[in-house]
Amino acid sequence: MERFARALVRRRWAVLAVWVVIGVVAAVRAPATPALLNIRGGSERETEASRAEDLLNTRFSRPIAEFFAVTLEGPARFDSGGGRPVLDTLLAGLERQPYVRGLVSYPATGDTTFLSRDRKSTFVIVALDIGSGDSAGALVLPVRRTVRDALA
0 MERFARALVR RRWAVLAVWV VIGVVAAVRA PATPALLNIR GGSERETEAS
50 RAEDLLNTRF SRPIAEFFAV TLEGPARFDS GGGRPVLDTL LAGLERQPYV
100 RGLVSYPATG DTTFLSRDRK STFVIVALDI GSGDSAGALV LPVRRTVRDA
150 LA
């Protein structure tokens with residue numbers, strides 16, 4: 000073991016170079032990592048539980064299982080004035096997306112719980128329509144892009 004330790008000390012630049020290569024490979028491959036992860040866990044193989052879930056989904060309407068909460072804060076009030084058209088534009092942009100099952104927001108419900116006390120902050124619940132498997136994580140970037148486009 001001592002010989003191995005001495006060899007590492009003598010060739011410390013080679014060890015450092017190996018770690019640099021590992022770091023570069025990790026940095027290059029990192030952006031693809033979220034697509035490879037199964038956020039919900041489980042297996043891709045059909046199981047008794049997945050068959051039961053499929054039967055329940057075809058027989059009964061599905062509850063909101065996958066959703067995002069989009070929060071907005073602006074200089075104007077969202078219940079009237081300059082903030083309301085911005086909120087309406089965002090809601091229209093989200094509604095057009097094929098993966099959006101529904102939206103729950105202040106304009107849809109009239110519930111002031113969706114607004115802050117000063118009415119300059121609000122949130123929107125975006126119910127997702129995802130198929131079997133795990134695609135909710137893959138929808139983060141498209142939803143962010145839609146929000147940015149609506150607010151641009």
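The opening residue of the sequence shown carries number 0 in numbering that gives the first Met the number 0; numbering runs sequentially from there. Ideal placement from N, C-alpha and C gives every residue a C-beta, glycine not left out.
A direct Cα-to-Cα measurement between L127 and I21 gives close to 37 angstroms. Burial is judged here by how many other beta carbons sit within 10 angstroms of a residue's own beta carbon; S104 has at least 16 and is buried. In the DSSP annotation of this structure, the continuous segment of the beta strand (DSSP E) that includes L71 starts and ends at 66-72. According to the DSSP assignment, R100 belongs to no alpha helix (DSSP H) but to the beta strand (DSSP E) extending over 99-103.
Excluding residues up to 5 positions away in sequence, A126, L127, D128 lie with their Cβ nearer than 7 angstroms to the Cβ of R100 in the same chain.
In the DSSP assignment, L127 falls within the beta strand (DSSP E) that extends over 120-127. The distance from the Cβ of L102 to that of I124 is about 7 angstroms, consistent with a contact at the 8 angstroms cut-off. Here L86 has F77 as same chain residues with Cβ atoms under 6 angstroms from its own Cβ, once five neighbours each way along the sequence are excluded. Annotation for R83: F77 place their beta carbon closer than 7 angstroms to its own, counting only its chain and skipping 5 residues before and after.
Leaving aside the five residues that flank T121 on each side, the residues in its chain whose CB is nearer than 6 angstroms to its CB run, in chain order, L71, F77, Y105, F113, L114. Excluding its 5 nearest sequence neighbours in each direction, R28 has no C-beta neighbour in its own chain below 6 angstroms.
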